[in-house]
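For the sequence shown, the positions run 191 to 577 when our numbering is used. Glycine included, C-beta positions come from ideal geometry on N, C-alpha and C.
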Amino acid sequence: MGSQFDELIDRRSSDSAKWKYFSPDVLPMWVADMDFCSPEPVIEALRQRIDHGVYGYAFDSAELRDLLVERLRTRHHLEVAPEHLVFLPNLVVGLSLVTGAVGQRGDGVLMATPMYHPFFNVVSVQDRVLVDVPLIETRQNGLLRYEIDFDALEAAITPQTKLLLFCNPHNPIGRAYTRAELEQVADICLRHNLIVCSDEIHCDLIYQAGSHISIASLSPEIAARSVTLIAPSKTFNLAGLGLGIAVIPDDDLRARVTTTAMNMGIHASMPGIVAGTAAYRDGQPWLDELMPYLRDNRDLLVDYVQAHFPGVVTTLPEATFLAWLDCRALELPESPYQFFLDKACVGLNDGAIFGRGGQGFVRLNFGCPRSMLMDGLERMQAALETR
Ligand SMILES: Cc1ncc(COP(=O)(O)O)c(C=O)c1O
């Protein structure tokens, strides 16, 4: 029997950034939204809200606060008070507000690369100094895997380093960090008085049930020095609707973030709140169907790359719908991004934008119907065979 996720939905006729960026002959497999309809209860909630006809501000929602507190407690073992939640229009603005609220201009912001590229913009926009530490690349069974270089991370810290921007699950490398790894990260933050801002936007898109661990859940000490960023946007495919949530237990830090947000007119959007509330309340059955579908896509992609892309090594993502492909051994005259765009008509993300360690890589979004994924993989294989 087919899956609801097999349906090919024309997005070119919508305002989709993903489908408008490249020319029409290119299959877009880049920016991180999925080519699936959102859960029906979300669509219905939006429909009812649209029918109301009056679209004023909606800064907050007690129901959404309660749903989030419950979800974080039951799924992520994270105890948060409803008043610790800050509603924002998206997650990147949360990264930026937190970066600006910690320390002073010129302070160092630590992160492990390759990293989701807006992290770099946030550091420069807030006049901070990037302290980037490459992850350790390993190979296991022909697959690419990354680990945190704890010694290098600690060695890079100076008295001016005030903030660790962390990503778990980690885009683009697909790791869902283990408790032991997170304990080491937390230990470093505590010993060096760093605030950790943990972007956990992909926390529901985990292939091993229960394997997401929020760093803030490890101890009251690290919780007090943490900001956890979450959103329904990746989980339920609502990226265009605009909602991000910052969990900030520390009263002073939260006050600094909310004051700047208020002064800059930054607040959540009404459709984001309506959709996010419906998604967290009624979207779980949809998510329970999505994850096996994404897992099969992931496994198909990994098998296909191993069988048909000689010289390319992929990650086996533990989370996210993003694969990270090492194309360095191909020794292409151009970047692999340009090669696959020109020769395969497949639009990927250029690994170089993800910072040190990203050159020679591409990121591939497999959050799409299986036939579309196969189309993309076959195009890429054909391009590799004729080069
Ligand atoms: C790790 C991570 N953080 C943040 C975002 C962007 O979130 P938003 O659109 O809410 O700013 C993404 C989107 O791909 C992401 O992967």
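**OP:** With a threshold of 7 Å, establish whether the CB of alanine 421 neighbours any heavy atom of ligand 1.
**Re:** yes
Original post:
Which residues in the same chain have their Cβ closer than 6 Å to the Cβ of glutamine 350, if we skip the five residues on either side of it in sequence?
Top reply: In its chain, beyond the 5 residues on either side, Asp297 and Gly298 have a beta carbon closer than 6 Å to the beta carbon of glutamine 350.
Original post:
Looking at C-alpha atoms only, which residue of His274, Thr289 and Thr448 is the closest neighbour of proline 315?
Top reply: The residue asked about is misnamed: residue 315 is valine in this sequence, not proline. Valine 315 has its Cα closest to that of Thr289, out of His274, Thr289 and Thr448.
Original post:
Which residues mark the beginning and the end of the beta strand (DSSP E) in which isoleucine 326 is found?
Top reply: 326-330
Subject >> Sequence-distant residues of its chain with Cβ nearer than 7 Å to proline 559 (five each side left out) >> reply: Phe195, Asp196, Glu197, Leu198 and Asp225
**OP:** Report yes or no: do the stretch 303-310 and the stretch 445-463 share at least 3 C-beta pairs separated by less than 8 Å?
**Re:** no
**OP:** Check each candidate in Arg553, Ile435 and Asp442 and name the one with the smallest Cα separation from arginine 415.
**Re:** Asp442
**OP:** Locate the beta strand (DSSP E) running through tryptophan 514, then write down its first and last residues.
**Re:** First-last of the beta strand (DSSP E) with tryptophan 514: 512-516.
**OP:** Tell me, to the nearest whole angstrom, how far the beta carbon of glycine 364 is from that of alanine 509; I am working on the premise that it is less than 8 Å.
**Re:** 6 Å
Subject >> Euclidean distance between Cα positions of proline 362 and leucine 408 >> reply: 24 Å
Subject >> Euclidean distance between Cα positions of methionine 564 and isoleucine 412 >> reply: 43 Å
**OP:** Assuming alanine 406 contacts leucine 268 (C-beta within less than 8 Å), just tell me the rounded distance between them.
**Re:** The Cβ separation is near 6 Å, so the contact holds.
Subject >> Limits of the unbroken beta strand (DSSP E) element including alanine 436 >> reply: Here the beta strand (DSSP E) through alanine 436 covers 434-437.
Subject >> Selection from Leu281, Phe529 and Leu512 that minimises the alpha carbon distance to leucine 484 >> reply: Comparing Cα positions, the closest option is Leu512.
Original post:
If you drop the 5 nearest sequence neighbours on each side, which residues of the same chain put their C-beta closer than 6 Å to that of valine 502?
Top reply: Within the same chain, Val495, Leu515 and Cys517 come within 6 Å of valine 502 by CB-CB distance, once the 5 residues on both sides are set aside.
Original post:
By the 10 Å Cβ neighbour count, where 16 or more other Cβ atoms means buried, how is histidine 457 classified, buried or exposed?
Top reply: Per the 10 Å Cβ criterion, buried.
**OP:** Find out if the Cβ-Cβ distance for the pair glycine 455, phenylalanine 426 is shorter than 8 Å.
**Re:** no
Original post:
Is the beta carbon of aspartate 389 sitting closer than 8 Å to the one on leucine 285?
Top reply: yes
**OP:** Would you decide whether proline 482 is buried or exposed? Buried here means 16 or more other CB atoms lie within 10 Å of its CB.
**Re:** Its Cβ having fewer than 16 others within 10 Å, proline 482 is exposed.
Subject >> Presumed contact (8 Å Cβ cut-off) between proline 422 and alanine 366, rounded CB distance >> reply: Not quite, the Cβ-Cβ distance comes to about 18 Å (not below 8 Å), so this is no contact.
Original post:
When DSSP labels each residue in this structure, what does proline 523 get in the three-state scheme?
Top reply: coil
Original post:
Can you tell me where the alpha helix (DSSP H) with glycine 284 in it begins and where it stops?
Top reply: 281-291
Original post:
Between valine 270 and ligand 1, is the CB less than 7 Å from at least one heavy atom?
Top reply: no
**OP:** Give every residue of the same chain whose Cβ lies closer than 8 Å to the Cβ of alanine 465, excluding the five residues on either side of it in the sequence, and list them in chain order.
**Re:** In chain order, Ser228, Val232, Ala235, Leu236, Pro422, Phe426, Leu428, Leu431 and Leu433 place their CB closer than 8 Å to the CB of alanine 465, counting only its own chain and leaving out the 5 sequence neighbours on each side.
**OP:** Pick helix, strand or coil for alanine 302, following the three-state DSSP scheme.
**Re:** In the structure shown, alanine 302 sits in a strand (DSSP, three-state: E or B).
Original post:
Beta carbon of isoleucine 391: closer than 7 Å to some heavy atom of ligand 1?
Top reply: yes
Original post:
Any Cβ of chain D within less than 8 Å of the Cβ of alanine 248?
Top reply: Looking at the structure shown, chain D is missing, and only one protein chain is on hand.
Original post:
Rounded to the nearest angstrom, how far is the Cβ of valine 312 from that of leucine 531, given a contact under 8 Å?
Top reply: Not really, about 27 Å apart at Cβ, beyond 8 Å.
Original post:
Any chance the CB of glycine 434 is under 7 Å from a heavy atom of ligand 1?
Top reply: yes
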